[in-house]
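Here's the structure we're looking at; comments come further down.
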Amino acid sequence: MDAQTIIARRVAQELRPGNLVNLGIGIPTLVANFVPAGLNVFFQSENGLIGSGPIPEQGMRHPFLTDAGGRPISALPGAATFDSAMSFGLIRGGHVDITVLGGLQVDTAGHLANWMIPGKMVPGMGGAMDLVSGAKRVIIAMQHAAKGKSKIVVSCNLPLTSTRPVDLVVTDLAVIAFPGGKATLQETAPGISVAEVMAVTEAELAIPDKVPEMKF
Amino acid sequence: MDAQTIIARRVAQELRPGNLVNLGIGIPTLVANFVPAGLNVFFQSENGLIGSGPIPEQGMRHPFLTDAGGRPISALPGAATFDSAMSFGLIRGGHVDITVLGGLQVDTAGHLANWMIPGKMVPGMGGAMDLVSGAKRVIIAMQHAAKGKSKIVVSCNLPLTSTRPVDLVVTDLAVIAFPGGKATLQETAPGISVAEVMAVTEAELAIPDKVPEMKF
Amino acid sequence: MKSVSVEEAVALIPNGASIMVGGFMGVGTPERLLDELVRQRKSGLSLISNDAAVPAKGVGKLFDAAQVSRMIGTHIGLNPKAQQQMLSMQTDIDLIPQGTFAERIRAGGCGLGGVLTPTGVGTTVEEGKQRIDVNGKSYLLETALRADFALIHAFLADYLGNLAYALTARNFNPVMAMAADTVIVTADNIVPVGVIAPDHVVTPGPLVDYLVANG
Amino acid sequence: MKSVSVEEAVALIPNGASIMVGGFMGVGTPERLLDELVRQRKSGLSLISNDAAVPAKGVGKLFDAAQVSRMIGTHIGLNPKAQQQMLSMQTDIDLIPQGTFAERIRAGGCGLGGVLTPTGVGTTVEEGKQRIDVNGKSYLLETALRADFALIHAFLADYLGNLAYALTARNFNPVMAMAADTVIVTADNIVPVGVIAPDHVVTPGPLVDYLVANG
Chain A
7 MDAQTIIARR VAQELRPGNL VNLGIGIPTL VANFVPAGLN VFFQSENGLI
57 GSGPIPEQGM RHPFLTDAGG RPISALPGAA TFDSAMSFGL IRGGHVDITV
107 LGGLQVDTAG HLANWMIPGK MVPGMGGAMD LVSGAKRVII AMQHAAKGKS
157 KIVVSCNLPL TSTRPVDLVV TDLAVIAFPG GKATLQETAP GISVAEVMAV
207 TEAELAIPDK VPEMKF
Chain B
7 MDAQTIIARR VAQELRPGNL VNLGIGIPTL VANFVPAGLN VFFQSENGLI
57 GSGPIPEQGM RHPFLTDAGG RPISALPGAA TFDSAMSFGL IRGGHVDITV
107 LGGLQVDTAG HLANWMIPGK MVPGMGGAMD LVSGAKRVII AMQHAAKGKS
157 KIVVSCNLPL TSTRPVDLVV TDLAVIAFPG GKATLQETAP GISVAEVMAV
207 TEAELAIPDK VPEMKF
Chain C
155 MKSVSVEEAV ALIPNGASIM VGGFMGVGTP ERLLDELVRQ RKSGLSLISN
205 DAAVPAKGVG KLFDAAQVSR MIGTHIGLNP KAQQQMLSMQ TDIDLIPQGT
255 FAERIRAGGC GLGGVLTPTG VGTTVEEGKQ RIDVNGKSYL LETALRADFA
305 LIHAFLADYL GNLAYALTAR NFNPVMAMAA DTVIVTADNI VPVGVIAPDH
355 VVTPGPLVDY LVANG
Chain D
155 MKSVSVEEAV ALIPNGASIM VGGFMGVGTP ERLLDELVRQ RKSGLSLISN
205 DAAVPAKGVG KLFDAAQVSR MIGTHIGLNP KAQQQMLSMQ TDIDLIPQGT
255 FAERIRAGGC GLGGVLTPTG VGTTVEEGKQ RIDVNGKSYL LETALRADFA
305 LIHAFLADYL GNLAYALTAR NFNPVMAMAA DTVIVTADNI VPVGVIAPDH
355 VVTPGPLVDY LVANG
């Protein structure tokens, strides 16, 4: 399994029946591919849709049915559309059960930075700040390190997305939660030892007595 | 013409083509009866409708189509329904061109009291405060006096509905506007002299050189 | 979303709960839930409803049975029982402007702390509230309103809980369906998925916790 | 409501005007109005739009022709020209959270001075804003946003200007149609009164000032 598949499959295990789920762009989008049939989760696209489905065949696409990146999507039976004020009312009001987002850095306390690298081009935060402030559960799906540097850091030096800590981080090497506000290793990826995770993690992780491997 | 008809007919003359109009309960409701055919005004009912029409025949009424007092109404072709947040967004946002409301007192500066008599049962302000705060033009349709006491007063002693002054008061005796924040007699009712209006008005009215009679 | 009987739905509501009830003068109110609230003799309810309707109709039934200890609303002028209970201090009734009522509930449902409204500035409504000026205009800070339960009535509900409303029976139902911990819905018509087109859904299914089965 | 040609509609907009433009990545944007804004070489525009779309699409066309001097939006990541114009200080671009963007426009359209949102508290977004605590939770006061013109695209418009939107092309159009002094609409389909049922109207006709005639 490649890194992205490990992350996406593991995140998919967090979804519960009936959950309303918002997936960010990049690795988070892949999570939809690993949702068990019959789980009946609803995917929200923040441009105004609940019930978004896979990319339709050529010839079945409609220019007025796209995801938040502007790419064609389909709608499943029972879909609902709404305007942007309602869409972010759902997000900010805690009606979205889970949001899965990419990350640049997550720190020991669970703070996320994922929208801006000072000195580089600033694309804008889009919906990220609202999603992290408002969703019931925030899951970060990202590579454990980028260019050899740990993305799990002692303290974010990039601008924060929100002061609300995330709930779970899933990387290609580990699952990390934040009980009591302290980054804690929950699982390791298949074939990866606790020592290997610690070696490539800048932040100090709390290590429980037993750290199981991810199960697929 | 009786007092109510004078008031309602005169107020109807204030409506302009395409206006979105909200009529309060009581005399204001009668205004709809005097709108010239083809003027194309839209009536809003604040419980969630634009395009409200007259009471339908028995047997054509629907329990889910009522005015703000809960009475059956009809809807005209091109009607639109919406929720209460939208309805008051239209009102507060200045999208309602004219609201016609009843009044208990209007003072020299145009301040209105129309929702509460201290010591008496308090029914609640309903939508009155939003309508007076938000509508583009506020017209008060009321009797000039009640139980021999002028309702056009020096200063309201009843609790105000809003600090925003009303634009026009139409009574069975007079039309009063508030140019420069000063109650000014605009017209008298047919057969009523300026002196007669002044005699029954507590507030001091500015009297222009020429005060025409209402024309019907 | 779970489908339940009306008895099961109302059994979820404890005495003393805060309940938002959709409807405007009883139009668009979930009458079956109110009948069952009376039958199960729920007491000490905190009612959040636009008005008190009239006796024997809508939330008026709760005043008939003296089940309301507190109410936030905008108008009770057509229900003499609600008025009596207010004057005899049996029920604590807080009357606020209707647009403010709608926005406070919407704020509660949309995760906003409150809104700034010009309505009520300089009137008795201002008492105890913060006045905030923006660009030279004065507003009152009106804070968000939520409840334990929202009791909602729709015209159409599909098997997933997507809701559509009819005419003036929509009123406060859509905003209330977002502003409570538990949302219970009755519908005139329960229909298969797809009967309500995506663009015609007003309240998306994931907002609904319990849909009361029809007889 | 008045029916006008696309040339007449755009001629109403002066150089330097503030314009809200509906659409999300160009989906639900009134393309004909944008083509005409380019053809009439309107300059110095203050653009209020969720994003900068992509070159040659939606509001992207205004960046292609360097007609935007100021923008308030949430994301410009997919339009390199907008990014260049921001970095070269040719265009002053204010990027804010998308939910805040939607609420500020809604507040502008609904006569609210602003809203309290938790989004952005403790981040760079808080700079220069008032923080207000309600019930122990912190919020930012975000003020209302309005424009001189709103350029709106609907799927259906009837002869009275009632509008309905299709799928994700709805997005910011309904809130913007309430938040501008003058509202100009294009529609895929202009249809007789009654084709859009009252319960399916999203933007009522009285909000529309100009409906652009189809060819």
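Chains as they are written, first to last, in the working numbering: chain A, 7 to 222; chain B, 7 to 222; chain C, 155 to 369; chain D, 155 to 369.
Note that the Cβ used here is the ideal one computed from N, Cα and C, for glycine as well.
Within chain D, the residues that residue i reaches when beta carbons sit closer than 7 Å
i: A/V128; result: L249
i: C/K291; result: G267
Status (buried if at least 16 other CB within 10 Å, exposed otherwise) for residue i
i: A/E219; result: exposed
i: C/F217; result: buried
i: C/E161; result: exposed
i: D/D205; result: buried
i: A/K216; result: exposed
i: A/T72; result: buried
i: C/N325; result: buried
i: C/G282; result: exposed
i: C/G359; result: buried
i: C/L241; result: exposed
i: A/R170; result: buried
i: C/M285; result: The question names Met, but residue 285 of chain C in the sequence shown is Arg. The residue is exposed, with fewer than 16 neighbouring Cβ atoms inside 10 Å.
i: B/F94; result: buried
i: B/R16; result: buried
Beta-bridge pairing of residue i - partner residues as DSSP gives them
i: C/A311; result: C/L317 and C/I344
i: C/H229; result: C/D205
i: C/M174; result: C/I202 and C/A304
i: D/E296; result: D/V269
i: B/A212; result: B/T190
i: B/P78; result: B/T72
i: B/N28; result: B/Q50 and B/T105
i: C/D287; result: C/S292
i: D/Q249; result: Per the sequence shown, the amino acid found at residue 249 of chain D is Leu instead of Gln. In the DSSP output, where bridge partners are listed per residue, D/L249 has D/G227.
i: B/D113; result: B/V159
i: D/V181; result: D/F178
Residue i, DSSP secondary structure in three states
i: A/P83; result: strand
i: B/T190; result: strand
i: D/L191; result: helix
i: D/K370; result: The shown model of chain D, from 155 to 369, leaves out residue 370 of chain D, and the question about it has no answer.
i: B/V200; result: helix
i: B/E219; result: strand
i: D/N368; result: coil
i: D/G359; result: helix
i: C/L241; result: helix
i: A/K157; result: coil
i: C/S223; result: strand
i: C/T277; result: coil
i: D/I350; result: coil
i: B/L36; result: helix
i: A/S58; result: strand
i: A/I13; result: helix
i: B/I97; result: helix
i: C/A331; result: coil
i: C/V339; result: strand
8 Å contact criterion, which residue i and residue j should meet: CB distance rounded
i: D/Q274; j: A/M135; result: Sequence check: residue 274 of chain D is Gly here, not Gln. Contact flag correct, Cβ pair sits at about 6 Å.
i: A/G100; j: C/G265; result: 6 Å
i: C/L299; j: C/I259; result: 5 Å
i: C/I250; j: C/T228; result: 6 Å
i: C/A333; j: C/G263; result: 4 Å
i: C/A207; j: C/M243; result: Their Cβ separation, rounded to whole angstroms, is 21 Å, which puts C/A207 and C/M243 out of contact at 8 Å.
i: D/V181; j: D/A323; result: 5 Å
Partners in chain A for residue i, counting only beta-carbon separations shorter than 7 Å
i: C/N316; result: G84 and A86
8 Å Cβ cut-off: residues of chain D touching residue i
i: C/L321; result: P352 and D353
Heavy atom of the ligand HEM within 7 Å of residue i beta-carbon
i: C/R260; result: What this structure holds is no ligand at all, so the ligand HEM is not there to describe.
Chain-ordered chain A contacts of residue i [CB-CB under 8 Å]
i: D/M137; result: Here chain D covers residues 155 to 369 and nothing more, so residue 137 of chain D does not appear.
Beta-carbon neighbours of residue i, restricted to chain D and to distances below 9 Å
i: C/P272; result: G265, L266 and G267
Chain-ordered neighbours of residue i on chain B, where CB pairs are closer than 7 Å
i: D/L347; result: Note on identity: in this sequence residue 347 of chain D is Val, with Leu being the wrong assignment. Residues of chain B passing the Cβ test: P83 and G84.
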